[in-house]
Amino acid sequence: MADSLVIVESPAKAKTIGKYLGSKYIVKASLGHVRDLPKSQFGVEIENDFEPKYITIRGKGSILKELKDARKKVKHVYLAADPDREGEAIAWHLAHYLDLDETATCRVVFNEITKQAVKDAFKTPRAINMDLVNAQQARRILDRLVGYKISPLLWKKVKKGLSAGRVQSVAVKLIIDRENEIDAFIPEEYWSITAKLNFSGVPFEAKFHSLVKNKLELKNEETVKQVLASMGKDAFSVIEVKERERLRNPAPPFITSSLQQEAARKLGFRAAKTMSVAQQLYEGVELGKEGTVGLITYMRTDSTRISPVAQEETKQFITDKYGAEFNPEQPRIYVRKNSNAQDAHEAIRPTSSLRTPEELKSFMSRDQFRLYKLIWERYIASQMASAILDTLTVDLQAGEAIFRANGSKIKFAGFMKVYVEGNDDDTVEEHKFLPPLTKGDATTTDSIEPKQHFTQPPPRYTEARLVRELEEQGIGRPSTYAPTLEVIQKRGYVVIEDKKFIPSELGELINQLMEEFFPEILDVEFTASLEGNLDFVEDGSRDWVKVLGEFYETFEKRLEVAEEEMKEIELEDEISDELCDKCGKHLVYKLGRFGKFLACSGFPDCRNTKPIIKDIGVTCPKCESGKVVERRSKKGRIFYGCDHYPECDYVSWDKPTAKPCPQCDTRLVEKRNKSGVRLLCTSCSYTEEMPEEGEHETDD
1 MADSLVIVES PAKAKTIGKY LGSKYIVKAS LGHVRDLPKS QFGVEIENDF EPKYITIRGK
61 GSILKELKDA RKKVKHVYLA ADPDREGEAI AWHLAHYLDL DETATCRVVF NEITKQAVKD
121 AFKTPRAINM DLVNAQQARR ILDRLVGYKI SPLLWKKVKK GLSAGRVQSV AVKLIIDREN
181 EIDAFIPEEY WSITAKLNFS GVPFEAKFHS LVKNKLELKN EETVKQVLAS MGKDAFSVIE
241 VKERERLRNP APPFITSSLQ QEAARKLGFR AAKTMSVAQQ LYEGVELGKE GTVGLITYMR
301 TDSTRISPVA QEETKQFITD KYGAEFNPEQ PRIYVRKNSN AQDAHEAIRP TSSLRTPEEL
361 KSFMSRDQFR LYKLIWERYI ASQMASAILD TLTVDLQAGE AIFRANGSKI KFAGFMKVYV
421 EGNDDDTVEE HKFLPPLTKG DATTTDSIEP KQHFTQPPPR YTEARLVREL EEQGIGRPST
481 YAPTLEVIQK RGYVVIEDKK FIPSELGELI NQLMEEFFPE ILDVEFTASL EGNLDFVEDG
541 SRDWVKVLGE FYETFEKRLE VAEEEMKEIE LEDEISDELC DKCGKHLVYK LGRFGKFLAC
601 SGFPDCRNTK PIIKDIGVTC PKCESGKVVE RRSKKGRIFY GCDHYPECDY VSWDKPTAKP
661 CPQCDTRLVE KRNKSGVRLL CTSCSYTEEM PEEGEHETDD
């Protein structure tokens, strides 16, 4: 007979924990929050110390009744929501509804859902931590103050359906600021000279470094010609060789933001998808006879700490799998540079190093396997020895010109045997091999290649770059990044093209209004300091009501000014030249979640819409009469198809070109990967480099 009720958030988590606890425990799920501020009203009594008015969330009545009925049948109730502010708040709301004493030992937390961790947690239950609850309440009320005070103002002055938020407004501002940087950027010309050389049958490259008597920047073609003239017909000879050994250390184990960034780089996952799949791995996956097992530790964390027990298991695994030399002399301890880190949990790691991705692959979905493999490899690598690289720098002289060749090779792989961290530039580190050159060696010259380049503007934000920027600036917390990125797209403030954020006209308009009337909301330092105050509330060093009061004192004055001085703005739809094929009226440009589309100006009488078709200037390789146009799938992904569809069903995820394959005459397509863009054939193995935009070569 069960004598205890355990309440968690999700059925999957309930199933896993129920298996570990046995028949004396009833485990049920609340399906997240059960109480919240009302959607239909403000719900905060500002004059009464910001007292929140909580109501039962619509649809949760039957769940709460089930929990209350179960409560009557047991002696003890344990609240086992997730181990963070949000989870603490869920536990507090449940305690209130079930008439539990919040000072009693009813709260159970665990960082991983494994049998040992769960059993240990139930040996040491604690009271609900009201500092954590108040930090969550303060954040919720701050967001309500901003959202429910500014949004109606925007509805009245601009149009309905708009919203403003503390973190989302800063995120949009960062995207707009970057776009302004790009618009203001003035490209500068520069050149490079690459010598393709050969020594003892081994080809290698060297790039122009300087002249013998002075350093020289290759700013224009005239300078390049001077360098080429100074070389004459002389052969290249080695004048200096530098060898050194370099250590490369592993990246720390994942925290929430770094997981979102790396999953975007290496797996192409959106932040929301990363967190959804990680939640599944945390709550448990069915592993055949072993049953349901939580595979990773809690995924909302800003700590890089690892428990000594986990490190000891990992050390033995590394020794058995790779050899004792792959373990560092001392267990690695990672200290975060960000002083705002909470360090409340461990880093994101597998619950057991022994559960390798390959062994579990058959039990997981493709997305689960790919994310688990990423987490497992990153963690194992983080606990391994440093890699040792032998680097070689060779200077060669031809006439008055000095060229430099750099190369390296892996002397000891260390952590690189398992995993190497990605980067936002999608470049892959190459270990270029150089022949065994010594001072005085002469090389043969295959070619000298001068090329023109232009400096590039700063890149637009991808999800990974934006998450990193928000984290570095101290904006938001682990749980806020994914929903923030979703909201700014849903509201139409930004669109994504080629996986990069571009601000919309609406986003720029709202940003201008916010900068004029609510500058503090968009101020990065102000928002970061507010996050810091919430952290102080969490650790008990600041009172949450005072934090809200300090914010509202200025905010209230800003609202009064905005109500009086903000002018009404009428947003007019841009009219296109196209006519509606259903009613004959002009189509207008509308902004949706995945960018612009065309809609009938006769709405709501006519609801006809159609995508904006972009001609890429290539004839269809299948029917040879239609044109290839750019389209978007229902999920917003770009693909290419024939404009004679459905008569011609040609489609391609890769952008087709007009260039034929020199081997089989099939049209080449542009293939994007981490190292850039290449032209390849879909029928044979032919591939070639994609020339740089603006690239130009001179005659030798």
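Under the UniProt record's numbering, the sequence shown has 23 at position 23, and the numbering climbs by one with no breaks. Heads up, the beta-carbon is just placed ideally off N, CA and C, and yes, glycines get one too.
- Annotation for A235: A442 place their beta carbon closer than 6 Å to its own, counting only its chain and skipping 5 residues before and after.
- Taken atom to atom, the span from the alpha-carbon of F185 to that of K614 is near 27 Å.
- Here the stretch 367-376 lies against the stretch 268-285, with 3 or more beta-carbon pairs under 8 Å apart.
- Our two residues, D131 and A387, have alpha carbons roughly 44 Å apart in a direct line.
- Separation of the CB atoms of I128 and W92 is rounded to 5 Å, and the pair is thereby assigned contact status at 8 Å.
- In this structure L145 touches Y552 by the C-beta definition: roughly 6 Å separates them, less than 8 Å.
- Buried is the label assigned to C620, since at least 16 other Cβ atoms lie within 10 Å of its Cβ.
- For T194, the three-state secondary structure derived from DSSP is strand.
- Three or more beta-carbon pairs drawn from the stretch 391-406 and the stretch 238-246 are found closer than 8 Å, and the two stretches are therefore classed as touching.
- Taking a contact to require three or more Cβ pairs closer than 8 Å, the stretch 342-360 and the stretch 282-302 qualify as touching.
- CA-CA distance, E508 to Y379, rounds to 41 Å.
- For Y322, the three-state secondary structure derived from DSSP is coil.
- Spanning the alpha carbons of E647 and Y640 requires a straight line of approximately 15 Å.
- DSSP lists V588 and T609 as the bridge partner or partners of A599.
- Taking 4 residues as the shortest admissible run, the stretch 503-540 contains the following complete alpha helix (DSSP H) segments, listed from N- to C-terminal end: 505-517, 519-522 and 524-538.
- Three or more pairs of CB atoms, one per stretch, sit closer than 8 Å, so the stretch 81-91 contacts the stretch 5-20.
- Secondary-structure assignment with DSSP links V8 through a beta bridge to A29.
- With contacts defined as CB atoms closer than 8 Å, S576 and L598 qualify as a contacting pair.
- Around G18, the same chain offers V27 as residues with beta carbons nearer than 6 Å, after the five sequence neighbours per side are excluded.
- About 23 Å separates the Cβ atoms of F433 and A385, ruling out a contact at the 8 Å cut-off.
- In the DSSP assignment, the residues bridged to G407 are L392.
- With 16 or more other Cβ atoms inside 10 Å of its own Cβ, W376 counts as buried.
- Annotated three-state conformation of V335 is coil, per DSSP.
- The three-state reading of DSSP puts H93 in helix, counting H, G and I together.
- The alpha helix (DSSP H) runs of length 4 or more contained entirely in the stretch 108-162 are, from start to end of the chain, 115-123 and 130-157.
- When secondary structure is reduced to three states using DSSP, L571 falls in the coil class, being assigned neither helix nor strand.
- Between I521 and S151, the CB-CB gap reaches or exceeds 8 Å.
- In terms of Cβ geometry, V618 and P662 do not form a close pair [threshold 8 Å].
- Under DSSP, Q397 shares a beta bridge with S237 and I402.
- Inclusion of F415 and L466 in the CB contact set at 8 Å is not warranted, their separation being larger than that value.
- Positions of the alpha helix (DSSP H) runs, each at least 4 residues long and wholly inside the stretch 458-490, are given as 463-472 and 481-490 in order along the chain.
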